[in-house]
Every structure is written in C-alpha cells, then in structure tokens.
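Going down the list, the sequences are from chains A and B.
Numbered according to the working numbering, the first sequence spans residues 1 to 121.
Numbered according to the working numbering, the second sequence spans residues 1001 to 1121.
Each residue gets a CB set at the ideal place from its N, CA and C atoms; glycine is no exception.
What follows is a single structure, written as structure tokens, with notes after it.
Number of protein chains: 2
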Amino acid sequence: MAVLDERRPLYEIKANLFKGLAHPHRIRVLEILSSTDEASVTTMLADTGLEASHLSQHLAVLRRYGLVVSERRASVVYYRLAHPQISELLRVARVLLGEILTDADSQRELVNSLPEIPDAR
Amino acid sequence: MAVLDERRPLYEIKANLFKGLAHPHRIRVLEILSSTDEASVTTMLADTGLEASHLSQHLAVLRRYGLVVSERRASVVYYRLAHPQISELLRVARVLLGEILTDADSQRELVNSLPEIPDAR
DNA sequence: TGCTGAATTGATGTAATCATCATATCAGGG
DNA sequence: CCCTGATATGATGATTACATCAATTCAGCA
C-alpha cells in the first residue's frame, strides 16, 4: 500500500486519497461502481466511451490508491469499490457541491466581472 | 467561478473539487480552518512552518476553487472555510481512511512483498 | 512622503500527471 | 498450439502542478 501508507504524515495520506479522486474519468468510474456493486471493464468501456488502455490506466491508479478491487472470472475482470464509504464520500461531495454551485449561481453576476485565471499553483 | 463552474459536466466539477483538496499543505490549511473558525495568514504561517509566498499560493488555489474566503481587516488577512460542509467532507474522508488503513494494516505482510510503484497514471 | 510589516503575485526550473499509441499478457475456443 | 477477445503495461510528448526566489501591492505609522 504505497500511496495510502500510514507511516506517512496524516495530512499527506489524506491528500493522496483526494489525488486518487482528482480526475473526471476516475469519478465517472467510481460513480458507476457506486451504483452497481460490481462492473466489468467491458461494461465500463461502454458506459464511459473511453479507449481500453486509457480506462485501464485509470483503473490502475484507483487500484493503486486502494479505492477499488478487481477480480478475474474467466477472461473478464470485474471491479468493485474497495469500501462502501467511498460512495458516502462522493455523496457528501455532491451535497457540498450543490451548495457551492448554488452560492456561485447567486453571485454569478458579480463573479463574471473577473477574468478567467488559467493557472493554479 | 472558473474551476467549479456548473456549466461543466458534473464529474469534472467533482474532480476539480478533489483537485483542490489534493495537496498536503492545503489539507493542513483546511484542517486548521476546520478547527478555528477563522485564522490569519500569520497564524497559519506559524502553524504550518511554510514560507509566506508558498502558503499564499496554496491559499490562492483554495480561493480559486471556492473552498475558502478571505477578509482583510487593517493589514491582516483572515481566512475561513467558505462552507461548513468542507469540514464534514474532511471528516468523512478521515473515517474512510481509518478503515482503509486498518485494512491495509491487517494485510501489511502480504502487501509488503510488492515493490513500490513510483508512477501514477 | 517614505518606511515597515503583511500578504500576494510573477517568473523560472523541475517534477508529476495526462493522453495516445504500441506492445504484451492472459484465458478460453477451435 | 495458435487465434481472438479482453485487459494491462510501456514509452513518448504535451500539459499542468509544484517549489523557490524575486518583485510588488497594500495599510498604517513615523
């Protein structure tokens, strides 16, 4: 468990968890798995429209971060969430975003006066 | 609100939220703010031990992601969480990590046979 | 006005992540 | 055994994030 290793400082471990979640395709995958208990790679290929190797690489990082587990049955590989709390985490994030976005919406006019800031340090 | 903009697809917005959280220093800052309602930059400098410009840049990304808000009173700038749910999100993450890490711990011996994988695609 | 402390911004080199494409493994079926 | 479908891994170039240091703004005070 190299990435979420408890010998590291706690805030680094937490940051790593969020890094594992910090990509649209991976969120997609986790939401699919949140809704269906388990899913084959083929299924997820169809659902996401990704190229096979691309999906596979994101699945690899999810595995590496300990967020999903996989099991091979015959020639098909099935994935599932490693912990049910992951969907809980996504749920809380969804609620939070709901609030952030409605706030943002009500302030849209004010905020629109600002230029886009392309870079994030 | 360029980063968490609701005109983007939802899973991209969520990924952006997690990106904002995906750094140890930023987790540090958010936890400080979770515990103290508001904190000045000077305070956080002392708490984190970071260099001023470094902290300031991370505060900038937190602002950019809409996770914190700042207010200047006299010559001191105070930060606070933009939404109380952010500490809830951190709390859920902490619980999840607790589970992941104890699982990992019980499997330590098995897992230790694996080499470290440096790269994350 | 010009100092000083507080905080932010800008510039630059380095490292990590991403997307794409090619190649490799792995498990049956013929 | 080799072929084919299903997945995974490797290599490469492009983009983005990070750390560091210099320069700037900003508010109050001498």
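Under the three-state reduction of DSSP, which class applies to residue i: helix, strand or coil?
{"i": "A39 (chain A)", "result": "strand"}
{"i": "Y11 (chain A)", "result": "helix"}
{"i": "L1050 (chain B)", "result": "coil"}
{"i": "V3 (chain A)", "result": "coil"}
{"i": "H1023 (chain B)", "result": "coil"}
Taking the CB atoms as reference points, tell me whether residue i and residue j lie closer together than 8 Å.
{"i": "I100 (chain A)", "j": "H1023 (chain B)", "result": "no"}
{"i": "Y1078 (chain B)", "j": "S1034 (chain B)", "result": "no"}
{"i": "N1016 (chain B)", "j": "V1003 (chain B)", "result": "yes"}
{"i": "I86 (chain A)", "j": "L1096 (chain B)", "result": "yes"}
{"i": "L81 (chain A)", "j": "V92 (chain A)", "result": "no"}
{"i": "A52 (chain A)", "j": "L45 (chain A)", "result": "yes"}
{"i": "T48 (chain A)", "j": "H25 (chain A)", "result": "yes"}
{"i": "Y11 (chain A)", "j": "E1071 (chain B)", "result": "no"}
{"i": "L13 (chain A)", "j": "L21 (chain A)", "result": "Per the sequence shown, the amino acid found at residue 13 (chain A) is Ile instead of Leu. Contact: no."}
So the beta strand (DSSP E) residue i belongs to, where does it begin and stop?
{"i": "S1070 (chain B)", "result": "V1068 to R1073"}
{"i": "Y79 (chain A)", "result": "V76 to L81"}
If you measure from the beta carbon of residue i to each beta carbon in chain B, is any gap under 8 Å?
{"i": "P24 (chain A)", "result": "yes"}
{"i": "V95 (chain A)", "result": "yes"}
{"i": "E99 (chain A)", "result": "yes"}
Looking at chain A, is there any beta carbon in it that lies within less than 8 Å of the beta carbon of residue i?
{"i": "I1027 (chain B)", "result": "yes"}
{"i": "L1033 (chain B)", "result": "no"}
{"i": "A1015 (chain B)", "result": "yes"}
{"i": "E1012 (chain B)", "result": "yes"}
The ligand COA and residue i: does any heavy atom of the ligand fall closer than 7 Å to the residue's C-beta?
{"i": "V1076 (chain B)", "result": "For the ligand COA, the structure offers nothing, since it holds no ligand at all."}
| message | Output needed in chain order: residues of the segment 45-78 of chain A with a Cβ under 7 Å from some Cβ in chain B. | response | Q57, A60, V61, R64 and G66
| task | Quick one: which residues of the segment 1077-1093 of chain B get their C-beta closer than 8 Å to a C-beta of chain A? List them in chain order. | result | A1082, H1083, Q1085, I1086, E1088, L1089, L1090, V1092 and A1093
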